[in-house]
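Participant: Just so we're aligned: 43 in full-length UniProt numbering is position 43 of the sequence shown, and the numbers increase by one with no gaps anywhere. All C-beta atoms in this analysis are idealised placements derived from N, C-alpha and C, irrespective of residue type, glycine included.
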Amino acid sequence: MNAPQGLTIGQLASLACTLEVCAPKPGNVHRSADFEDVTLQDFLASAIAIGPVFDQAPSLSLGQLILQSVAATSRMTRTNTNLGMLLLMAPLAMPQDAANLQQDAAAAIENSTAQDAADIYAAINLAKPGGMNTSAEHDIAGSAPPHILDAMKLAADRDSIARQYTTSLADLFDQVVPLLTDTTHKHLPLSQRIVHTHVCLMAQMPDTLIARKNGDETALQSTMLAKRVIDAGPPMEDDYMQQLGNLDFWLRCNGHKRNPGTTADLIAAGLFVCLRQKTIVAPFV
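Shown next, in the form of structure tokens:
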């Protein structure tokens, strides 16, 4: 399937993941910061691995696209690097035309089957994401439900990825994409716009990976610290950068248990939308 700028859908998916991880977002792996058990190279290798799978999106079901992408990633890395990104990007890759991307991606989720649900469960178990809690109903360790939305609805209040599935990707299209394309920040390089979007999202909604690993109080504290960055002044100026450094230091103080990984997943998916809809185009400045 051809995409804007002569790139395939798979190349755009790889590019979105690459742009996301290379931006120096607070608390995440990026070009100047690794974690002990996962590095920039792991994320870049994962981005490359999923490209050929996403190029097959027109001939794959939603569950197949996610499971095969996780399998391709697992052959490149020993740690989950991209499950959340794949859950978000897969329905966005299935429409051949990006004109009605939100509605068509939501339809791809709605029209998915019991086999898709089983494949998505298999993908999650293969990726072994951190911070997963047990559930009395539709637990990930058990059998998949008849429809993936049955499970996502139960998790929506504690997981931002699940919430996108149940709300027609509302946060992604109503918050993430507008922040990435905000014309008032067009003077900033794309990498800095990505960082600012990341901080704005953290300030607007607690990162659910932080909440799952550390509890709601810690997640709310991360939101408060992100708000201090936004309130400090214009992006990338001295006061803003001081507070950004404080946020980054706090997020990294406990290994990477405070890693705002769900926010990063939303950023990657937002970049994928922008690349598909040509609101962000190369060369990236």
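(1) Identify the continuous alpha helix (DSSP H) that holds residue 194 and give its terminal residues.
(2) On the DSSP bridge assignment, give the partners of residue 33 in chain order.
(3) Starting from residue 142, trace the alpha helix (DSSP H) in both directions and tell me its first and last residue.
(4) In three-state DSSP terms, what is residue 229?
(5) Just the Cα atoms here: how many angstroms apart are residue 91 and residue 264?
(6) Do residue 47 and residue 18 come within 8 Å of each other at the CB atom, strictly closer than that value?
(7) Going by the CB atoms, is the gap between residue 280 and residue 169 shorter than 8 Å?
(8) Tell me whether residue 22 is buried or exposed, calling it buried when 16 or more other Cβ atoms sit within 10 Å of its Cβ.
(9) From residue 78 to residue 127, what does the alpha carbon distance come to, in whole angstroms?
(10) What is the C-beta distance between residue 149 and residue 166, in whole angstroms, given that I count them as a contact (C-beta under 8 Å)?
(11) Between 173, 192, 226, which lies nearest to residue 101 when the distance is taken from Cα to Cα?
(12) Using the C-alpha atoms, what's the distance from residue 44 back to residue 222?
(13) If we ignore side chains and look at the alpha-carbon of each, how far apart do residue 10 and residue 242 end up?
(14) Taking the Cβ atom as the reference point for each residue, do residue 177 and residue 270 lie within a distance shorter than 8 Å?
Facilitator: Here's the rundown:
(1) 190 to 204
(2) Assignment of beta-bridge partners to residue 33 by DSSP yields 30.
(3) Element bounds for residue 142: n/a, residue is neither H nor E.
(4) In this structure, residue 229 counts as helix in the three-state DSSP scheme.
(5) 18 Å
(6) yes
(7) no
(8) Around the beta-carbon of residue 22, 16 or more other beta-carbon atoms lie within 10 Å, marking it buried.
(9) Each residue's Cα considered, the two are about 9 Å apart.
(10) For a cut-off of 8 Å, the C-beta gap from residue 149 to residue 166 is around 6 Å, short enough to register as a contact.
(11) 173
(12) 27 Å
(13) 38 Å
(14) Yes.
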